[in-house]
Each structure stands twice: as structure tokens, then as C-alpha cells.
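Heads up: the structure comes next, in C-alpha cells.
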């Protein structure tokens with residue numbers, strides 16, 4: 002009985018990190034579900050409101066490495082609790098923003114906490130997981146991401162529709178505060194083994210597999226977010242979805258993401274090349290099918306769900322590979338990866354905004370899919386060669 006209790010206690014910190022991932026991902030993508038409401042409230046266009054996504058992502062991209070170098074030797078427990086506390090305070094600021102500039106400033110504060118959180122959460126999860134359970138630990142973190150799409154983003158949208166978007170940010174602050182209290186009780190002291198500093202950073206950047214992952218991610222994620230950043234107005238304006246059906250589809254996207262997490266845990270180690278092929282080909286294909294599928298509600302929902310499986314598979318594969326190919330500096334390597342991933346988010350949001358402004362919102366899937374397909378065709382073989390040579 003004592004051993005069982007000890008085993009259960011060992012999973013408490015990972016549970017706390019999973020809920021943290023849920024909340025951090027909810028807030029990262031919540032403007033996607035509230036884009037129209039925020040634009041209406043501040044009397045701006047949806048493309049202008051989309052800057053909340055792109056500017057947030059650019060700040061994460063620019064700050065991830067510098068912030069991690071500053072806190073490189075800090076105790077992980079103290080660092081994690083400080084990051085979540087900043088997250089709570091920033092969302093309270095968001096909820097009382099009186100103009101778009103104030104809302105943007107609060108989002109930049111959230112971006113600072115985001116930059117550090119996603120640099121440390123996966124390496125910490127692997128470190129504190131029971132022996133032989135690192136894949137499950139990573140799967141739990143990504144499950145938190147998927148649940149954010151299932152419950153967080155749609156629930157935030159429902160709250161926003163009924164109580165206003167400010168209430169959504171206030172609810173996120175309350176949930177994050179509850180997680181902060183939980184982590185304060187269960188999170189263990191974790192030794193910081195990082196050996197990478199500003200002086201030996203060039204050594205890390207000479208890793209060819211790591212550099213290939215970074216280049217592919219920056220460009221491929223641009224394609225993904227060209228479409229995904231504007232999925233809410235696309236479903237409403239092009240596919241003719243009702244508000245309720247849009248919310249359901251966003252939930253379905255997240256449910257499918259959980260399936261991607263399960264598939265990763267079971268099959269990636271057996272056949273990594275096949276898994277990567279599906280991730281690349283799936284995201285590109287389902288983006289290209291987005292407009293064609295809009296003629297049917299069922300087809301649109303199906304495409305969005307398959308897209309959710311594919312992008313979750315992609316995210317899990319490359320987080321896992323960054324940790325594997327850079328064991329001597331996982332948090333710094335992940336900070337660079339997080340920053341570059343957010344370059345992709347920012348470029349995708351800007352590209353999608355340009356498509357909406359100068360072409361039509363119905364083209365976001367075609368443009369995003371073309372970018373993703375081009376990256377897959379050019380980079381797939383060199384990437385596989387460097388990862389598994």
C-alpha cells in the first residue's frame with residue numbers, strides 16, 4: 002500500500018505540469034476563438050486584432066533564448082512557480098484592459114512567462130517522470146495542449162460570447178492561481194543540470210540535426226498557422242457555421258489532438274519515419290482540403306479533426322527529438338525551439354492576415370497548405386538523414 006501511495010505521489014507533479022500546459026495553451030490560442038469579439042469591442046478589423054497572435058508569438062520568439070540564459074542556473078521549482086505567478090498577474094491585467102494597446106501590453110507580459118514555461122516544461126517532465134516513463138510524461142504535456150483545444154479554447158469562447166472576452170481572461174487567471182497553489186505543494190526540487198551558457202552556446206548550434214529541426218519548424222509552422230490563426234472566421238464566413246458549430250469544431254480539433262498523442266506514445270518508437278511522414282503529409286493535405294471541404298459541414302469537421310491529429314503528431318515528434326539530440330542542454334535547446342516555433346506562429350498569423358486583407362479568407366488553407374507542402378517536399382529527406390543517420 003505504501004508503494005502504491007508513493008507511485009501515485011510521483012505523478013502529482015506531472016499532473017500539475019499537465020494542467021499548466023492546458024492553461025498556457027488555452028491563453029496562447031484564446032484570441033483565435035475571440036478574434037471577432039475583440040475586433041468588435043475595440044472597433045478594429047479582424048486582421049488588426051490578429052496582431053494579438055502574431056505580436057505575442059514574436060515576443061516569445063525573441064525572448065525565449067535571452068530569458069533562459071538569464072535564468073539558466075535557477076532552481077527549477079522556484080523558476081516554475083515564479084513563471085506561473087507572472088502568468089496570473091498578466092491575465093488580471095488583460096481582463097481590465099481599456100484599449101487595444103493595454104491588452105497588447107498584458108499579452109506581452111504573458112509572452113514572457115510563456116517563453117520560459119515552454120523552454121523548461123518538457124525537459125522537467127522527462128526528468129521527474131518515473132523511470133522508463135519519459136514518453137508518457139511528454140504525452141501528458143501534449144495532452145494538456147489537446148485538452149486546451151477541447152475544453153479551454155471553446156470554453157473560453159463560450160464565456161466570451163456570454164460574459165464578454167474580459168471574463169475569459171479573468172477565468173484563466175483564476176484557474177492558473179489554483180494550479181499555482183497545487184504546484185507549490187507537490188512540485189519537487191529538481192536539480193538544474195544545464196551546462197550551456199552564452200559562451201558555449203555556439204557548440205549547441207553546431208548540431209546539424211538540431212539546426213535542421215529549427216529550420217523545418219520555422220517554415221512548416223508558418224504554413225500551419227496561416228490557416229489555423231483564422232479558422233474561427235473561416236468556419237463562420239466561408240463554411241457558414243453557426244457560433245455553436247464553430248465551438249464544436251474547435252473542440253473536435255482538440256479531441257483529435259489527443260488521439261495524436263496516444264498514437265505517438267504507442268507507435269513513434271517503433272516507426273519514427275512513418276510517423277514523421279504522416280505529420281508532414283497530413284498537415285499539408287488537410288490545409289489544402291480546407292476550402293474544398295467547406296461545402297459540407299461534415300466534411301469540414303472531418304478535415305479539421307484529421308488536421309488536429311497530424312499537427313499534434315508533428316509537435317510531439319519534434320519536442321521529443323530536440324530533447325534526444327541535445328542532451329547536454331535541453332532547456333536551452335528547447336528555448337530556441339520554442340522561440341523558432343513562435344516565429345512560425347507569428348509569420349503564419351501575418352501571412353493569414355495578408356491573405357484575408359488582399360485576397361480572401363477562403364484562401365488561407367490553400368496558401369498555408371502550399372507552404373507546408375513545399376517545406377515537406379524540400380526538407381523531408383535531409384531531415385530524416387540528419388536525425389537517423
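Numbering (my numbering), first residue to last: 2 to 390.
Virtual Cβ for every residue (Gly too), placed ideally from N, Cα, C.
DSSP three-state assignment for residue i, whether helix, strand or coil
i	result
residue 76	coil
residue 97	coil
residue 277	helix
residue 321	helix
residue 269	coil
residue 360	coil
residue 130	coil
residue 46	coil
residue 51	coil
residue 153	helix
residue 282	helix
residue 353	helix
residue 161	helix
residue 60	helix
residue 6	No answer about residue 6 holds up, because its pLDDT of 49 lies below 50 and its placement is not dependable.
Buried or exposed by the 16-neighbour rule on C-beta atoms within 10 Å, applied to residue i
i	result
residue 316	buried
residue 51	buried
residue 373	buried
residue 241	exposed
residue 103	exposed
residue 276	buried
residue 186	exposed
residue 336	buried
residue 97	exposed
residue 206	exposed
residue 100	exposed
residue 1	Examination of residue 1 is not possible in this model, given that the chain is present from 2 through 390 alone.
residue 179	exposed
residue 359	exposed
residue 386	exposed
residue 204	exposed
residue 296	exposed
residue 41	exposed
residue 158	buried
Integer-rounded CB distance, given that residue j should sit under 8 Å from residue i
i	j	result
residue 394	residue 116	Because the chain spans 2 through 390 in this model, residue 394 falls outside it and cannot be assessed.
residue 367	residue 298	Between residue 298 and residue 367 the Cβ distance is about 20 Å, and since that is not below 8 Å, they are no contact.
residue 353	residue 237	The Cβ separation is near 15 Å, so there is no contact.
residue 272	residue 54	34 Å between Cβ atoms; not a contact.
residue 169	residue 345	No, residue 169 and residue 345 are not in contact; Cβ-Cβ is about 25 Å, not under 8 Å.
residue 324	residue 65	No, residue 324 and residue 65 are not in contact; Cβ-Cβ is about 16 Å, not under 8 Å.
residue 87	residue 114	4 Å
residue 144	residue 259	6 Å
residue 77	residue 121	7 Å
Any non-hydrogen atom of the ligand GTP within 7 Å of residue i CB
i	result
residue 265	Annotation note on the ligand GTP: not contained in the displayed structure, which lists no ligands.
Length-filtered (4 minimum) alpha helix (DSSP H) runs lying within the stretch 180 to 254: Counting whole runs of 4 or more residues, the stretch 180 to 254 contains the alpha helix (DSSP H) stretches 202 to 205, 209 to 229 and 232 to 238.
In chain order, which continuous runs of the alpha helix (DSSP H) of length 4 or greater are located wholly inside the stretch 284 to 343? 291 to 294 and 298 to 326
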